[in-house]
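Asks: Mind looking over this structure? Questions follow.
Chains as they are written, first to last, in the numbering used here: chain A, 310 to 403; chain B, 310 to 403.
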């Protein structure tokens with residue numbers, strides 16, 4: 310199983326292959342981060358909440374069970390005031 | 310952030326502090342496992358599905374979004390035919 314660590318360990322994730330395809334489950338510790346995307350990503354908040362700025366959008370808050378979609382070859386900003394757990398699905402181009 | 314690894318890395322988890330309290334998000338690779346509990350645990354399947362045998366119960370299947378509760382100071386068996394992602398909440402005695 311692949312274990313990923315970013316931003317000096319403040320963001321970590323575990324790879325998981327699920328019916329929906331390739332994904333990671335992970336934890337974001339308090340802070341502000343920018344993530345680049347290769348494929349389209351569907352991020353669902355599993356626990357906690359975060360403020361997210363998608364390309365061309367204003368800041369929005371997402372809580373438990375809510376999903377945001379990040380276009381491929383782009384990036385998004387995310388701010389966590391407390392720990393956040395998420396699952397990220399990587400969507401292959403159809 | 311604490312990263313836990315069990316059964317030669319076939320089960321891994323990340324600690325997260327969320328509004329509900331102390332939790333871990335993790336991945337279970339295909340296989341059969343037995344986990345002991347200290348405090349009561351509420352396990353929610355985030356992706357995939359698993360067969361679970363709780364103390365004194367028959368085997369049951371749990372899928373995405375479904376939760377099972379494991380009593381404190383006990384154990385449960387879990388069988389995964391494919392990868393499973395979960396969040397486990399550790400419930401402090403009230």
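Just so it is clear, CB atoms sit at the ideal spot from N, CA and C, and this is done for glycine as well.
(1) With DSSP collapsed to three states, give me the class of residue 388 of chain A.
(2) List the residues of chain B whose Cβ lies closer than 7 Å to the Cβ of residue 404 of chain A, in chain order.
(3) Can you find the residues in the same chain that come closer than 6 Å, C-beta to C-beta, to residue 366 of chain B, ignoring five residues on each side of it along the sequence?
(4) Please tell me whether residue 345 of chain B has its Cβ less than 9 Å away from any Cβ of chain A.
(5) Report yes or no: is there a C-beta of chain B within less than 9 Å of the C-beta of residue 310 of chain A?
(6) Quick check: is the beta carbon of residue 318 of chain B nearer than 9 Å to any beta carbon in chain A?
(7) My guess is that residue 355 of chain A and residue 379 of chain B are in contact by the Cβ rule of under 8 Å, so how many angstroms apart are they, rounded?
(8) Since residue 382 of chain A is in the beta strand (DSSP E), which residue starts that stretch and which ends it?
(9) Verify the CB distance criterion: does residue 365 of chain A have a CB-CB separation below 9 Å to chain B?
Replies: Considering the structure as presented:
(1) strand
(2) Nothing can be reported for residue 404 of chain A, as the shown portion of chain A is limited to 310 through 403.
(3) none
(4) no
(5) yes
(6) yes
(7) About 19 Å; that fails the 8 Å criterion.
(8) Per DSSP, residue 382 of chain A belongs to no beta strand (DSSP E) and is neither H nor E.
(9) no
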